[in-house]
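Asks:
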Amino acid sequence: MTSECLLCQSPVNLVFYKDGEKTFCCAGCQTVHQILATQQALNNVSEHPLFKQALKSGLIANPRLLEEINSQKIGEKETLEKLHLEIHDMWCPSCAEVIKLTLLKEWGIAYCYVDYTTDSATIEYAPVHITKERILKLISNLGYRPNFLQDPRQQVLSRTLSLRFVIAAFFSMNIMMFAYPIYVSFFNEQAEGYAQLFAWLSLIGALPVLTYSAWPIWKRFYTGAKVGLWGMEALVVLGVAAATGLSIYEMWRGSSYVYFDSMTVIIVFVLLGKMIESKAKFSAKDSLVQLTRALPRRGRKKISATKNEFVSLKEIHIGDLLVVLSGEKIVLDGIVEEGEGICNESLMTGEALPVPKNVGMDVLAGTILQQGSLVIKVTATSEQTALFQIVEMVEQDIGHKAQYVRTIDSIVKWFVPFVLCLAIGVFVYCLLFNQQDFDQTSLQSGIIRAVSVLLISCPCAIGIAVPLVESQLLNAFAKLGVIIRNRACLALLGKETILVCDKTGTVTEGKYTVLSGYEKLSLEEKSVLKALVSHSNHPIARSVDQAIIDFEESNIEKIEEIIGRGIRGYQGKIPYYFGSAIFLQQQGISTPLIHLRKNMEAQTTVFFAKQNICLAAIHLGDRIQPEVQTLIQSLKGIKTLLLSGDSSLAVEAVARLCGFQEWFAEYHPLQKRELIEKLKKQGEIVMMIGDGINDAPALTASHIGVAVMSATDISIQVSDILLTTNRLQILQKMHHLAKKGHKIIKQNLFWAFFYNCIGLGLAVYGSLTPLFAAFAMVMSSLLVLINSKRVYLNK
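For what it's worth, the UniProt record's numbering labels the leading residue of the sequence shown as 1, then goes sequentially.
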């Protein structure tokens with residue numbers, strides 16, 4: 001059979017692509033034709049910019065397009081990065097497909113998913129082979145407008161904070177050099193003339209630090225004071241203000257005893273703590289933006305028997321008909337009215353096997369139609385779908401986890417009033433009851449003692465005691481392959497009492513793997529089998545295609561795929577078949593009896609036949625992740641629970657094999673969340689590990705939500721921790737490292753408060769002058785800094 005491609009007029013001989021009565025030479029031509037038809041631009045196809053660019057990039061007039069894409073293999077050792085884009089000006093799902101095909105042709109692109117319904121794209125690429133700029137240019141050349149999802153305003157804020165810190169650190173180091181003659185003059189009166197000069201230089205150097213660098217501290221103090229909340233900034237402001245006032249007063253009296261070096265050091269340490277916090281600060285806003293963009297925006301509504309039109313989901317009502325084609329996302333819950341297909345529901349339900357869909361069966365929004373075409377009758381509006389309920393529930397929970405509460409703030413709220421009362425009490429005591437002569441008036445004595453109290457209580461060491469340790473933990477976790485997205489979870493990390501694991505994609509690989517069955521085939525038979533499966537997007541066919549490597553495909557004609565059943569092709573007049581037992585039996589071919597393997601789950605068997613003879617029974621299954629059994633056994637003192645939406649038999653088999661203490665099966669997403677809430681009410685500190693959309697509510701409800709490397713964008717966005725490696729054994733190392741961090745934090749806080757208590761006692765008694773109080777404050781901070789470095793030590 002020979003014909004011409006409707007778009008490029010190339011001859012079509014063997015494998016071809018059909019859209020009704022329309023014939024195309026390749027997937028690229030079919031996709032580009034659909035876009036031009038949607039834009040009503042078929043009159044002068046050869047002059048259209050999209051046609052020219054697609055022809056130039058080899059996207060059309062290329063019968064071997066899919067083979068070229070499949071041959072673009074990235075090395076296993078290549079470092080991949082993920083890029084999220086929002087793409088404007090897409091007209092239809094074919095626009096998403098043409099972008100996907102164009103990018104996948106490029107060397108260095110490992111994965112690409114473009115979703116027309118949300119105008120979003122997720123791309124995994126190897127930076128050593130292709131740059132972000134190159135990816136954006138490829139999309140722009142096709143006539144679309146790609147944008148990054150990151151908010152540039154947050155980056156500007158981060159740069160501003162860094163600039164404030166740099167300025168404060170620079171002037172602080174210079175002021176400390178100026179302070180040397182001042183300290184010398186305290187013991188040597190001959191150096192007093194130089195001391196006064198350097199005191200004025202210190203004042204000039206302190207002005208930028210007190211104004212520009214310290215502005216965030218003043219601002220937070222002011223906003224807190226307006227509503228009666230006293231945080232760590234209150235003590236900083238009181239200490240700095242008292243030191244500044246006393247320094248200016250001393251300079252007015254002609255003395256050189258100033259404390260500008262201590263003031264600026266305080267500000268430097270506080271800004272350092274803020275920078276450490278901001279580097280790993282959990283951004284609820286960014287997460288909610290990502291979640292909102294993950295929701296579909298429009299669907300293909302069936303207007304009449306011959307007309308379909310993309311409309312906003314707000315214009316789709318219950319009872320309307322939607323058309324869904326192969327590879328597209330189902331945008332609303334519904335019931336199949338016409339057609340048949342195969343749906344991937346693993347992200348929503350946890351079911352690893354693709355689910356066949358026929359007339360009368362339910363479909364879920366957020367699932368993907370991998371094969372076939374469906375007409376569905378809408379049963380729920382966009383606000384009533386299971387996907388929307390999941391996102392809405394996640395949005396409610398994520399706000400509660402977004403607030404990072406510093407350990408010091410819960411202590412400072414009573415410590416600030418105490419210090420203020422103590423300073424005022426000391427001042428009043430010196431003013432009214434002091435009868436001793438210190439060569440100063442009672443007023444001056446009261447001021448000196450009160451300022452000493454405020455300086456020694458300035459929470460420099462307290463303020464950096466926790467952030468410094470957490471910063472060391474973040475770096476140590478990063479080296480293990482653990483990214484902390486929500487800093488608030490560090491307070492509970494290492495204290496978890498129960499570990500809840502999702503099954504599909506977390507404990508198991510979540511994908512089909514060929515286990516056995518094709519080894520006894522001859523070289524010619526393997527070549528024929530590869531030729532059949534390479535022209536299908538079904539997960540089973542793709543797994544078999546990937547398993548049969550280093551074989552050239554045989555010349556197979558008239559390849560035909562029967563959706564959900566199998567594939568048929570001819571080598572000359574000899575028919576070959578690949579598919580299910582039912583498919584082969586319909587062809588009059590008997591199949592052998594199959595026994596399932598006990599150490600695998602999500603098992604299935606397909607058959608390969610020639611004429612009326614079954615040549616092979618090929619077994620596929622979902623493997624359990626390596627190290628899972630070792631991890632479960634090593635977590636002593638922590639309960640383990642397996643949670644899944646999959647069938648009871650599959651969940652129980654995996655739970656017993658891995659050693660989980662409890663397991664729950666056939667749980668839908670909101671039931672998972674309810675179970676997590678129940679565990680929390682029982683007093684458990686819950687760590688949840690998952691990867692799918694169906695895990696998102698449970699991840700946000702848990703104390704510590706962990707997303708694995710292969711997780712969906714939604715799961716990553718709502719997680720507290722992201723694992724960048726498939727090795728789950730690092731969870732044990734993460735647990736022990738977090739426990740060590742908590743121990744060091746307690747040591748830092750004990751020392752900081754011990755120092756404060758001793759210093760306050762000496763200041764009240766009058767044995768600690770402001771000069772030595774400032775020096776002691778700096779030394780205390782250095783000790784905390786050194787102790788925090790111990791996080792990296794082995795013991």
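We put the beta carbon where it would ideally sit given N, CA and C, even for glycine.
Less than 7 Å between C-beta atoms, sequence neighbours within five positions excluded: which residues of the same chain meet that for Thr506?
Replies: Ile689, Gly690, Asp691, Val708
Asks: Give the C-beta separation of Ala121 and Ile87 to the nearest angstrom, bearing in mind that I take them to be a contact with Cβ-Cβ under 8 Å.
Replies: 5 Å
Asks: Taking the alpha-carbon of Ala243 as reference, which of Tyr755, Thr725, Leu454 has the nearest alpha-carbon?
Replies: With respect to the C-alpha of Ala243, the residue from Tyr755, Thr725, Leu454 having the closest C-alpha is Leu454.
Asks: By alpha-carbon positions, which one of Cys501, Gly108, Leu722 ends up nearest to Ile624?
Replies: That would be Cys501, whose Cα lies nearest to the Cα of Ile624.
Asks: Could you give the DSSP three-state label for Ile498: helix, strand or coil?
Replies: Three-state result, Ile498: strand.
Asks: For Leu136, tell me which candidate among Leu103, Ala168, Ala110 has the shortest Cα-Cα distance.
Replies: Leu103
Asks: Considering only their Cβ atoms, is the gap separating Cys26 from Ile69 smaller than 8 Å?
Replies: The answer is no: Cβ separation not under 8 Å.
Asks: Per DSSP, which one or two residues make a beta bridge with Glu560?
Replies: Paired residues: Arg568.
Asks: According to the neighbour-count rule (16 or more other Cβ atoms, all chains shown, within 10 Å of its Cβ), is residue 810 buried or exposed?
Replies: Because the chain is modelled from 1 through 795, residue 810 falls outside the range shown and cannot be assessed.
Asks: Considering Cα atoms alone, identify which of Ile204, Val236, Leu203, Phe198 is closest to Trp215.
Replies: Val236
Asks: Are three or more beta carbon pairs between the stretch 746 to 758 and the stretch 484 to 500 nearer than 8 Å?
Replies: no
Asks: Measuring alpha carbon to alpha carbon, tell me which of Pro417, Phe415, Gly446 ends up nearest Val426.
Replies: Gly446
Asks: Can you give me the start and stop residues for the alpha helix (DSSP H) that His317 sits inside?
Replies: Element bounds for His317: n/a, residue is neither H nor E.
Asks: If contacts are defined as beta-carbon pairs under 8 Å, then His33 and Leu6 qualify, I think. What distance do you get, rounded to the angstrom?
Replies: 6 Å
Asks: Taking DSSP as the reference, what is the three-state secondary structure of Cys26?
Replies: coil
Asks: Need the endpoints of the beta strand (DSSP E) that Ile618 sits in, please.
Replies: 613 to 622
Asks: Figure out for me which residue from Leu521, Ala665, Leu499, Ile376 has the closest Cα to the Cα of Val324.
Replies: It is Ile376 whose Cα lies nearest to the Cα of Val324.
Asks: So, at 8 Å on beta carbons, what are the nonlocal neighbours of Phe170 in its own chain, with the 5 sequence-adjacent residues on each side left out?
Replies: none
Asks: Compute the Euclidean distance between the alpha carbons of residue 844 and Ile567, then round it to the nearest angstrom.
Replies: Nothing about residue 844 can be reported from this structure: the residues present for the chain run from 1 to 795 only.
Asks: Per DSSP, what kind of secondary structure is Phe660 in: helix, strand or coil?
Replies: coil
Asks: Near Gly108, which residues of its chain fall below 6 Å by C-beta distance, leaving aside the five closest residues on each side in sequence?
Replies: Tyr125, Ala126, His129, Ile130
Asks: Suppose you measure from the CA of Tyr259 to the CA of Ser162; what does that come to, to the nearest Å?
Replies: 25 Å
Asks: Contact between the stretch 626 to 641 and the stretch 655 to 662 is defined here as three or more beta-carbon pairs at a separation below 8 Å; is this criterion met?
Replies: Below 8 Å, enough C-beta pairs join the stretch 626 to 641 and the stretch 655 to 662 to call them touching: three or more.
Asks: As a quick exercise: from Gly759, Leu83, Ile730, Glu627, pick the residue whose alpha carbon is nearest that of Pro146.
Replies: Leu83
Asks: Taking the alpha-carbon positions, what's the Met687 to Glu677 distance?
Replies: 12 Å
Asks: Leaving out five residues before and five after Val209 in sequence, what residues of the same chain have Cβ atoms less than 6 Å from its Cβ?
Replies: Leaving aside the five residues that flank Val209 on each side, the residues in its chain whose CB is nearer than 6 Å to its CB run, in chain order, Ala168, Phe171, Thr264, Ile267.
Asks: With H, G and I counted as helix, E and B as strand and the rest as coil, what does DSSP make of Ala696?
Replies: helix
Asks: With Asp545 as the anchor, note down where its alpha helix (DSSP H) starts and where it stops.
Replies: 539 to 547
Asks: State the DSSP-derived secondary structure class of Lys789, mapped to helix, strand or coil.
Replies: helix
Asks: Name the two residues that bound the continuous alpha helix (DSSP H) containing Leu723.
Replies: Here Leu723 belongs to no alpha helix (DSSP H); instead the beta strand (DSSP E) covers 721 to 723.
Asks: Using C-beta distances below 6 Å, list every residue in its chain close to Leu238, excluding the 5 sequence neighbours before and after it, in chain order.
Replies: Leu454.
Asks: Ignore the nearest five residues each way along the sequence and tell me which others in Gly319's own chain have a CB closer than 7 Å to its CB.
Replies: Lys377, Val378
Asks: Helix, strand or coil: how does DSSP classify Thr38 here?
Replies: helix
Asks: If you count every other CB in all the chains shown that lies within 10 Å of the CB of Thr385, and 16 or more means buried, which is it?
Replies: Buried, because 16 or more other Cβ atoms sit within 10 Å of the Cβ of Thr385.
Asks: Which two residues bound the contiguous alpha helix (DSSP H) that contains Met709?
Replies: It is not in any alpha helix (DSSP H) - Met709 carries neither H nor E in the DSSP assignment.
Asks: Does the distance from the C-beta atom of Asp723 to that of Val706 stay below 8 Å?
Replies: Here residue 723 is Leu; the residue named in the question, Asp, does not match the sequence. Using a Cβ distance threshold of 8 Å, Leu723 and Val706 count as a contacting pair.
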